[in-house]
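Engineer: For the sequence shown, my numbering puts the final residue at 703, and the numbers step up evenly by one.
Quick one: the structure is below, and I'll ask about it shortly.
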Amino acid sequence: MNKTIIVSNRLPLQVSIKNNSLKIIPSVGGLATGMKSVHAEGNGIWIGWSGIPEEELDSALSKEVAQEIQKEKCVSVPLSIKDIEEYYEGFSNKALWPLFHYFMEYTEFKEQEWEAYKRVNQKFAEVILENIEDGDTVWVHDYQLLLLPQLIKDKKPNTTIGFFLHIPFPSYEIFRTFPWRKEILTGMIGADLLGFHTYDYERHFLSSVKRILRLEVNFNQISYQDRLIMVDSFPMGIDYDKFYNAALEHSSTPQENREFYQRLQEHTSEDKKLILSIDRMDYTKGIPNRIKAFEYFLDKFPEYKEKARLVMLAVPSRSNVPQYQKLKRETDELVGRINGKFATVSWTPIWYFYRALSFDDLIDLYISSDVALITPIRDGMNLVAKEYVATRTKSDGVLILSEMAGASKEMNEALLINPNSFEDFADNLKRALCMPLDEQQKRMKFLQKRLKRYNVEKWAKEFLASLETTKQLKGAIIAK
Ligand code: ADP
Ligand code: G6P
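Printed below as a string of C-alpha cells:
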C-alpha cells in the first residue's frame, strides 16, 4: 500500500536526556501540533530530527531513542552539534526566519551556514531515499527544508512531492535581497504542488519565481523544463473537535483536583477580567509591544486597574539564538517594570509564565479567559487564535487579533488591530471588555462555524487531493 511520507525539521516529539535517562515531550509550534492529528490518522511515516544532537547519544541510548521514535511511526534524521549550530540556529533561524518575517535588521547571511543548510537538506534527502517505495507521496514542510523537493526530484523524478510553507513568503522586494535566492526558489519548485497559508504569500512567491527565475507563470501554474508546477493557498486549520470536546469536558468535571483551574476561577468574576496571550517566545509575536500597549491601556483607562489582568504565557523557543535571549531579557524587564508601576496588594496586572504547559492546563487557560489578545507583528498563520475560538463552548469571549497574522484573513469577526498602534490596541481592548454577551456570541458563532468546517483534517485532505490532481495532470502530459 502506498504511503505518505511527512518530512519536517522537527518531529512531533522531542527527546532530551536527564540523569542518563530519556525524556520525551511533545513538540510545540503550529507545524507539529497541527500535523500531529494528520499523521495519527494516516498510514504514513514522519521523518525529522528528534531534537537531540547525535553526540549526546551513546549506542544504548541511540537504540532506545530509535525504538521510541518508531513507536510513533517516525524516523529520525541524525544531526550533529555543528549541524544544529549552523543549519538550525544559523541559516534557518538567523537568515530565513527573520527575512521571511520582514525582520531585515535581524538577518545574518553567512556562507558557512549556507553550506551547512545544503549539507543538512542533503542528509534529509538520504533518509527519505532509504525509506521511500515506488508510488509513495512525499510531503515536505517549512523553511528549514526549502532545497529538499529538488533534491528528491533529482533522484526520483517520478515521485509526487508536495511542499507546504508554514511561515509567510515575503514580498519580492524583501526576498530579492537574499544572496541565495535562485537556489532557494529552484529547490522549492522541485515540488509538484506548493502550498501557502494565504493568497498573498502565494502571490509573493509567484512574483519572485517570475522575476528571479524568469519562468513562465500562468495564473497559479509554473512551467519549468518539461514540468508543470501548481501553487495554491490552503489556510491551515486545527483539530477543532479535540479542542471543543476537551473544553466541554473541563467545564463539566469537578474542580477539586484541578488546582490551576481553581486558582484561575478565583480571579474571574463579573468585574474581574482575564486577558490571555499565548505564544512561543519569539520576536515575531510582538510580546514587548503587547506589554507596552497594555501599559498604555491602563494609563488611558485607569478604571480597569484592579479589574483586568493579562495572563501571558510564553513557551521557551530557540534559546541559543542571541535575538531570542535578548527578547527574553527585554520581556522580563518590561513585566517587572509594569507590575512594579501598577501592582497593589490585591492585584498584579501581568501574570507571566515562561514555560510549556500541558494540554489540560492550556485548555483551562483558554476556557477561563474573557479575552484572547493575539497580536503578532508578523505571523504565517497563528493557530492559538483558532484554538481559543474552538474552546469557547458557550460562544462567549472576544478574540483580538493582529491584522499581520495569516489567520486574520479568515477571522473577520474577531476585533482586528494593527499591533503597532497603541491607540488601536487600547480602544479595542476596552471594546472587548465592554462587549455585550449577544455581540460576543454572534461573532464567536460565525468563527466557530468556519473553523469547525475547515479543520486540519479537511486542510490536509484538500492539499493531498490537489497533489493527486497534479499527479494525474503530470501523467497526462507524459502520455502526450
Ligand atoms: P507558532 O507555530 O509560530 O509557534 P502557532 O500559534 O501557529 O505559532 O502555534 C503554536 C502552537 O503551540 C499551538 O498549537 C499552541 O497550543 C502551542 N503552544 C504555544 N504555547 C504553548 C505553551 N506554553 N505550552 C504548550 N503549548 C503551547
Ligand atoms: C514554527 C515553525 C516550525 C517550527 C516551530 C517551532 O511553527 O513554522 O517549523 O517547528 O515554529 O520552532 P522550533 O525551532 O522549536 O522547531
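Ideal Cβ positions, reconstructed from N, Cα and C, are used throughout, including at glycine.
Because the structure is a prediction, the values reported are computed rather than measured.
Which runs of the beta strand (DSSP E) at least 3 residues long sit entirely within the stretch 527-583? Give them in chain order.
Structural biologist: The qualifying runs are 531-538 and 573-577.
Engineer: Grouping DSSP H, G and I as helix and E and B as strand, with all else coil, what is residue 473?
Structural biologist: Residue 473: helix per DSSP, three-state reduction.
Engineer: Quick one, are the C-beta atoms of residue 499 and residue 588 less than 8 Å apart?
Structural biologist: Result yes, Cβ atoms of residue 499 and residue 588 sit closer than 8 Å.
Engineer: Just checking residue 541 against the ligand G6P - is the residue's beta carbon closer than 7 Å to any of the ligand's heavy atoms?
Structural biologist: Because some heavy atom of the ligand G6P lies under 7 Å away, the Cβ of residue 541 counts as near it: yes.
Engineer: Taking just the CA atoms, how far does residue 584 sit from residue 397?
Structural biologist: Approximately 39 Å between the Cα atoms of the pair.
Engineer: Return the residue from the list 633, 582, 434 and 539 that minimises the CA-CA distance to residue 575.
Structural biologist: Considering only alpha carbons, the answer is 539.
Engineer: Using only CA atoms, which one of 421, 651, 645 and 627 lies nearest to residue 638?
Structural biologist: The option with the nearest alpha carbon to residue 638 is 651.
Engineer: Is the stretch 244-252 in contact with the stretch 283-292, if contact means three or more CB pairs nearer than 8 Å?
Structural biologist: Cβ pair count under 8 Å is three or more, so yes.
Engineer: Helix or strand or just coil, what does DSSP make of residue 633?
Structural biologist: Looking at residue 633 - three-state DSSP - the assignment turns out to be helix.
Engineer: Could you pull out every unbroken beta strand (DSSP E) segment of at least 3 residues lying fully inside the stretch 261-331, listed in chain order?
Structural biologist: With a minimum length of 3 residues, the continuous beta strand (DSSP E) runs that stay inside the stretch 261-331 are 268-272 and 297-299.
Engineer: Kindly give me the distance between the Cβ atoms of residue 230 and residue 364, rounded to whole angstroms, as I take these residues to be in contact under 8 Å.
Structural biologist: Confirmed, about 7 Å.
Engineer: List the DSSP bridge partners of residue 360.
Structural biologist: Residue 360 pairs with 227 and 383.
Engineer: Would you be able to state if there are at least three C-beta pairs under 8 Å between the stretch 549-556 and the stretch 671-680?
Structural biologist: Not touching, per the Cβ criterion.
Engineer: Please report the Cβ distance between residue 323 and residue 428, rounded to the nearest whole angstrom; I am assuming they are in contact, meaning their Cβ atoms lie under 8 Å.
Structural biologist: That pair is no contact at about 11 Å.
Engineer: Pull up the DSSP beta-bridge partners for residue 496, would you.
Structural biologist: In the DSSP output, where bridge partners are listed per residue, residue 496 has 531.
Engineer: Just the C-alpha distance for residue 653 and residue 515, rounded to the nearest angstrom, thanks.
Structural biologist: Spanning the two alpha carbons is a distance of roughly 16 Å.
Engineer: If contacts are defined as beta-carbon pairs under 8 Å, then residue 592 and residue 497 qualify, I think. What distance do you get, rounded to the angstrom?
Structural biologist: Going by Cβ atoms, the distance from residue 592 to residue 497 rounds to 5 Å, so yes, they are a contact pair.
Engineer: Does the separation of the CB atoms of residue 601 and residue 251 fall below 8 Å?
Structural biologist: No.
Engineer: Using the DSSP secondary-structure output, state which residues sit across from residue 613 in a beta bridge.
Structural biologist: In DSSP, residue 613 forms no bridge with anything.
Engineer: Is residue 333 helix, strand or coil by DSSP?
Structural biologist: Residue state, collapsed to three classes: coil.
Engineer: When every heavy atom of the ligand ADP is checked, does at least one fall within less than 7 Å of the C-beta of residue 566?
Structural biologist: Not under cutoff, so the answer is no.
Engineer: For residue 307, I'd like the list of residues in its chain whose CB is within less than 7 Å of its CB, leaving aside the five on either flank, ordered along the chain.
Structural biologist: Excluding residues within five positions, the ones whose Cβ falls inside 7 Å are 276.
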